[in-house]
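Trainee: Okay, handing you the structure first.
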Amino acid sequence: MLFLVKTYFSRSLNCRSYSTVSLAFTHTPNKSTNPPIVICHGLLGSKQSWKTLGKQLANRTERNVYALDARNHGNSPHTTNHNCEAMAQDVRAFIKDNKIEQPIILGHSMGGKTAMTFATLFPDALSKLIVIDVSPMRLSLHDEFVPYFKAMQEIKRIEPQTQKEVESIMFDYIPDKSMRQFLMTNIKRTREGVYRVQCNHDTLERELFQLEKPLNVFYKGPTLFITGDKSPYYNAFVENPKTIKSMFPLSRVETIHDAGHWLQSEKPEEFLGLVESFAKP
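Position 162, counted from 1, in the sequence shown is what the numbering used here calls 148; the numbers after and before it change by one each time, with no gaps.
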C-alpha cells in the first residue's frame, strides 16, 4: 500500500517527501518494556539476514527486535526510486504504524545510511543510533556491485529451472563463494518452476549512485559506530574522525579486530557485546 507523507525538515537536511511503502518485517518478541530495536539491512540483504542475530539481540538486550525489508528488497514493495531519504521515511511510517516509541535504530551498510538519515530527519523519534560499518562520507560501490547486478540480469533473461543453473550463472560473475551464497537469498523459485530475482535489481542498479553520495547529517543523540579493521570502509573512520564527530557529537567508534564488512556475522560475540553494552538504559 502506498501513501503520501508530509515534508519534514531538519537543521542539517532538507528533504522532499516520498510516497512511503509498507515494509515487510519480522518481530522477535521480548517481555521487557525497554524500547525495541529496529534493524535496517544492507544493500541486497533482507530481514532474513538478521534472523539469528535478531533473536540473540532480543535475548541479550532484553528488547523486542524488528528486522525490516527495505523497499525494493525481500517482501517489501518495489518502487522506481531508491535513496536514503525515501528509506528513512519508510522506517518512520513503519514506526508510527506499529506504535513503536523511542526505538534504537540499527543499520548495516545501506541500512546504516538509512539510519543516519532517519536520525537527522526525525531526531525525536529514536533513543539511540547504531551504525555498522558505514560512515557519512562518500562511498564507491559501482565496481563491487555491477557484477552482482549483471548476474541478476542474466538470471532474469534465462529464467533457469534448477538451482544448479542459477549457481552456474552466479559463478560466472561472482568468484567469491560467500558472496554468491549471500546473493542467492535474493533468488526464489516460483510456482511456475523457474527461478527469479526477488529484489528490484533494475531500480537498485539505476539508483546505485544515490547510495554513494556523502550524507549531510546531524544527530546529537547517543550514537555507536562499529567497524572492522579488515573492512574496505574502515579507512573512512580513520581519516575523518573530526568530521564524523561534528555530525554526531555524542558518538563513539568501536573497531572489531580482524573483521570485515560483515563483522556481525564474522565476529558475532564481539558485535553482540558492543550492542548489548550500548543499549543498556
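We treat Cβ as the ideally placed atom computed from N, Cα and C, and that holds for glycine.
I want to know whether the segment 85 to 97 touches the segment 151 to 158 - three or more CB-CB distances under 8 angstroms.
Mentor: With a cut-off of 8 angstroms, the segment 151 to 158 and the segment 85 to 97 do not count as touching, because too few Cβ pairs lie within range.
Trainee: Given a cut-off of 7 angstroms, decide if D215 and T241 are closer than it, judged by their beta-carbon atoms.
Mentor: Yes.
Trainee: In this structure, what does DSSP give as the bridge partners for I90?
Mentor: According to DSSP, which records beta bridges pairwise, I90 is partnered with I23, K114.
Trainee: Can you find the residues in the same chain that come closer than 6 angstroms, C-beta to C-beta, to E193, ignoring five residues on each side of it along the sequence?
Mentor: Hits under 6 angstroms: H68.
Trainee: Do you know how far the Cα of E151 is from the Cα of A245?
Mentor: Taking the straight line joining both Cα atoms gives about 32 angstroms.
Trainee: Using DSSP with H/G/I as helix, E/B as strand and the rest coil, what is Y4?
Mentor: Note: Y4 maps to coil in three-state DSSP.
Trainee: With distance defined between alpha-carbon atoms, name the residue in A101, S35, E255, D110 nearest to N202.
Mentor: When only C-alpha atoms are compared, the closest one is A101.
Trainee: Is the Cβ-Cβ distance between G28 and S113 less than 7 angstroms?
Mentor: Contact: no.
Trainee: Verify whether the separation of the beta carbon atoms of T14 and A44 is less than 7 angstroms.
Mentor: Result yes, Cβ atoms of T14 and A44 sit closer than 7 angstroms.
Trainee: Sort P208, T229, S126 by Cα distance to K199 and report the nearest one.
Mentor: It is S126.
Trainee: Out of N172, T171, K82, state which residue places its alpha-carbon closest to the alpha-carbon of L8.
Mentor: Note on residue identity: the sequence assigns Ser, not Leu, to residue 8. Selected option, being the one with the closest Cα: K82.
Trainee: Which full runs of the alpha helix (DSSP H) of 4+ residues lie inside the segment 104 to 162, going along the chain?
Mentor: If we require 4 residues or more, the alpha helix (DSSP H) runs fully inside the segment 104 to 162 come out as 128 to 144, 149 to 159.
Trainee: Measure the alpha-carbon distance for K37 versus P235 and round it to whole angstroms.
Mentor: When rounded, the distance between both Cα atoms is 32 angstroms.
Trainee: Apply the 10 Å Cβ neighbour rule to D162 and answer buried if 16 or more other Cβ atoms are within range, or exposed otherwise.
Mentor: The residue in question, D162, is exposed, as its Cβ has fewer than 16 Cβ neighbours within 10 Å.
Trainee: Starting from V261, trace the alpha helix (DSSP H) both ways and give me its first and last residue.
Mentor: Per DSSP, V261 belongs to the alpha helix (DSSP H) from 254 to 265.
Trainee: Mapping DSSP to helix, strand and coil, what is R182?
Mentor: Here R182 sits in strand by DSSP.
Trainee: Starting from the N-terminal side, write out each stretch of the beta strand (DSSP E) that is 3 residues or longer and does not extend beyond the segment 39 to 104.
Mentor: With a minimum length of 3 residues, the continuous beta strand (DSSP E) runs that stay inside the segment 39 to 104 are 51 to 54, 90 to 94.
Trainee: In angstroms, rounded to a whole number, what distance separates the CA positions of I86 and I23?
Mentor: Straight-line Cα distance between these residues: approximately 10 angstroms.
Trainee: I need the boundaries of the beta strand (DSSP E) containing T229, first residue and last residue.
Mentor: Element bounds for T229: not the beta strand (DSSP E) but the alpha helix (DSSP H), 227 to 233.
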